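In our numbering, the protein residues as written are 89 to 346. Okay, so here's the structure we're looking at.
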Amino acid sequence: NAREALGRKMAESSAQSKIIDEVCEAFGLDSRPERIEIYDNAHISGTNAVGGMVVAGPEGFRKNQYRKFNIRGEDLTPGDDYGMMREVMRRRFSRLVKDEDEGEEVERPDLLLIDGGAGQLAEVLAVLADLGLDDILAVGVAKGPDRDAGKEHFFMPGKAPFMMPLKSPALYYIQRLRDEAHRFANGAHAKRRSMDIKKNPLDEIEGVGPGRKRALLHAFGSAKGVGRASVSDLIKVEGVNQALAERIHGFFHPATRG
89 NAREALGRKM AESSAQSKII DEVCEAFGLD SRPERIEIYD NAHISGTNAV
139 GGMVVAGPEG FRKNQYRKFN IRGEDLTPGD DYGMMREVMR RRFSRLVKDE
189 DEGEEVERPD LLLIDGGAGQ LAEVLAVLAD LGLDDILAVG VAKGPDRDAG
239 KEHFFMPGKA PFMMPLKSPA LYYIQRLRDE AHRFANGAHA KRRSMDIKKN
289 PLDEIEGVGP GRKRALLHAF GSAKGVGRAS VSDLIKVEGV NQALAERIHG
339 FFHPATRG
C-alpha cells in the first residue's frame, strides 16, 4: 500500500544518504555533492573518439543532462588519451565559464570523477586551473590490475593514491557511476563509428560534389570501383579534369602522391 511504498522510499533515501556521506568522507568533501559529473572516453586506436559526460545527483542519474563530445583535436595523435581528456575538459568548462560570464544560471559540479589515473587527472587539473575553476574537486578513478572491479585506485591532488575497502557501499556507488559513464561513452562511440562507415569516401575529396559523385559512381559502380580506376579512366568521366583525376587517384593511393 501507499504507506509501505513511502516507507521503502524513505529507507532507500536514508541508505543513499549514508553512501553519499561515505563518499564525502573518502574525498574530504565538506557537504554532500548535489551534482557529480563522471567522464570517460571511448575510441578504437584513436578513431571516432568520443568523450562522455554522465551526471548524477542525490536522486540518481540525470540522463537529460548527459553530454557527448566528438573529439575533434586536429593535433592529437591517435589514441592520445591525455589529449582527448584535455579537449573534453576545455570544451565543457570553457562553456560553463562563458555561460556564467553572460549571466546565465549555471549549476557547477561539486565533484568530477575521471576515468583514469594520475596522467588524466593532471590534464583535468591543468584545464580547471587555467579557467579559474580550481575549486572544483576532481578525482581520478583508475582500474586495478587486470581491470578488476574492487581494486580501483583513487587519485586526488596532493594525496597519495588510495583504495577503498572492498565491500564499501561508497565503492559500489562509484563503480556504478563509472560503469554508466563507460556505457554512455561506448554507445556514443559505436553510433559515431556506424555513421562514419555509412559515409562515402568520395565525400571527403575536395572538388567532388553531388553531381560528380553521381557521375563517378555511375561510371565505376562503387567507391571501391572509383579507387581501382586509373587517372586516364577517371578523366573520361564528365566533369573530371586532369587535376581532379589525379586528386581522386591520390586519395585512394596515398603512396603515389607527390
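From the three backbone atoms N, C-alpha and C, an ideal C-beta is built for every residue, glycine too. These figures come from a predicted structure and were not determined experimentally.
Item to check | Start and end residues, beta strand (DSSP E) containing L225 | outcome: Within the sequence shown, the letter at position 137 stands for residue 225. Segment L225 to A230, the beta strand (DSSP E) holding L225.
Item to check | For R180, the residue or residues it bridges with in DSSP | outcome: Taking the first residue of the sequence shown as 1, we reach residue 180 at position 92. BP columns for R180 are empty, so no partner.
Next on the checklist: What does the alpha-carbon distance come out to for the pair G207 and L304?
Outcome noted: Numbered from its first residue, the sequence shown carries residue 207 at position 119. Numbered from its first residue, the sequence shown carries residue 304 at position 216. Going by the C-alpha atoms only, they are around 48 Å apart.
Item to check | Straight-line Cα distance separating F339 from G299 | outcome: Sequence index remark: in the sequence shown, residue 299 carries index 211 (1-based). Sequence index remark: in the sequence shown, residue 339 carries index 251 (1-based). Approximately 19 Å, taken between the alpha carbons.
Checklist entry - G346: buried (16+ other C-beta within 10 angstroms of its C-beta) or exposed? => result Translated into positions along the sequence shown, residue 346 becomes position 258. With a pLDDT of only 47 at G346, under the threshold of 50, the placement of this residue in the model should not be trusted; the figure read from the coordinates follows. With fewer than 16 other Cβ atoms within 10 Å, it is exposed.
Checklist entry - Does the pairing of the stretch 271-286 with the stretch 255-263 give three or more beta-carbon distances under 8 Å? => result no
Checklist entry - Would G139 be called buried (16 or more neighbouring beta carbons within 10 Å of its own) or exposed? => result Translated into positions along the sequence shown, residue 139 becomes position 51. G139 comes out buried.
Checklist entry - When we look at the beta-carbon of P342 and count the other beta-carbons within 10 Å, is it buried (16 or more) or exposed? => result Here residue 342 refers to the residue found at position 254 of the sequence shown. P342 is exposed by the Cβ-count criterion.
Next on the checklist: For a quick check, are the C-beta atoms of V194 and L184 less than 8 Å apart?
Outcome noted: Taking the first residue of the sequence shown as 1, we reach residue 194 at position 106. Taking the first residue of the sequence shown as 1, we reach residue 184 at position 96. Against a cut-off of 8 Å, the Cβ pair of L184 and V194 comes out as a contact.
Checklist entry - The beta strand (DSSP E) with H131 in it runs from where to where? => result Within the sequence shown, numbered from 1, the residue matching residue 131 stands at position 43. That run of the beta strand (DSSP E) goes I124 to I132.
Checklist entry - Which first and last residues belong to the beta strand (DSSP E) in which I202 is found? => result Reading the sequence shown from its first residue, position 114 is the one you call residue 202. Counting along the chain, the beta strand (DSSP E) containing I202 begins and ends at L199 to D203.
Item to check | Cβ shell of R174 (< 7 Å), same chain only, five flanking positions each side left out | outcome: Against the sequence shown, residue 174 aligns to sequence position 86. Within the same chain, R174 has close Cβ partners E211 and V215.
Item to check | Cβ-Cβ separation, A269 to I350 (assumed contact under 8 Å), whole Å | outcome: Nothing can be reported for residue 350, as the shown portion of the chain is limited to 89 through 346.
Item to check | Buried/exposed call for N152, threshold 16 Cβ in 10 Å | outcome: Sequence index remark: in the sequence shown, residue 152 carries index 64 (1-based). With fewer than 16 Cβ atoms within 10 Å of its Cβ, N152 is classed as exposed.
Item to check | Span separating the alpha-carbon of K312 from that of G161 | outcome: In the sequence shown, residue 312 corresponds to position 224, counting from 1. In the sequence shown, residue 161 corresponds to position 73, counting from 1. Each residue's Cα considered, the two are about 29 Å apart.
Checklist entry - Leaving out the 5 sequence neighbours to the left and right, which residues in its chain are closer than 6 Å to L199 when beta-carbon positions are compared? => result Locating residue 199 in the sequence shown gives position 111, counting from the first residue. Counting only Cβ-Cβ distances below 6 Å, and skipping sequence neighbours, we find P121, I124 and L225.
Checklist entry - In three-state DSSP terms, what is H241? => result In the sequence shown, counting from the first residue as 1, residue 241 sits at position 153. Three-state result, H241: strand.
Item to check | Three-state secondary structure assigned by DSSP to R155 | outcome: For the purposes of this step, residue 155 is taken as residue 67 along the sequence shown, with counting starting at 1. R155: strand per DSSP, three-state reduction.
Next on the checklist: Which residue marks the beginning of the beta strand (DSSP E) containing V142, and which one marks its end?
Outcome noted: Sequence index remark: in the sequence shown, residue 142 carries index 54 (1-based). It spans T135 to G145 - the beta strand (DSSP E) in which V142 sits, taken as one unbroken run.
Checklist entry - By DSSP, does A313 sit in helix, in strand, or in coil? => result Sequence index remark: in the sequence shown, residue 313 carries index 225 (1-based). Here residue 313 turns out to be Gly, not Ala, going by the sequence shown. Helix at G313.
Checklist entry - H241: which of S318, K287, L209 and K156 sits nearest, CA to CA? => result Translated into the one-based positions of the sequence shown, residue 241 becomes position 153. Minimum Cα distance to H241 is reached at L209.
Item to check | Spatial distance of E113 from P289 (CA atoms) | outcome: As a working note, residue 113 is residue 25 in the sequence shown. As a working note, residue 289 is residue 201 in the sequence shown. Their Cα atoms are separated by approximately 53 Å.
Checklist entry - Can you tell me the Cα-Cα spacing of S310 and D291, whole angstroms? => result In the sequence shown, residue 310 corresponds to position 222, counting from 1. In the sequence shown, residue 291 corresponds to position 203, counting from 1. So the alpha carbons of these two residues sit roughly 13 Å apart.
Item to check | For L219, the nearest candidate out of A230, V296 and R179 (CA to CA) | outcome: Numbered from 1 along the sequence shown, position 131 holds the residue referred to as residue 219. The shortest C-alpha separation from L219 is found at R179.
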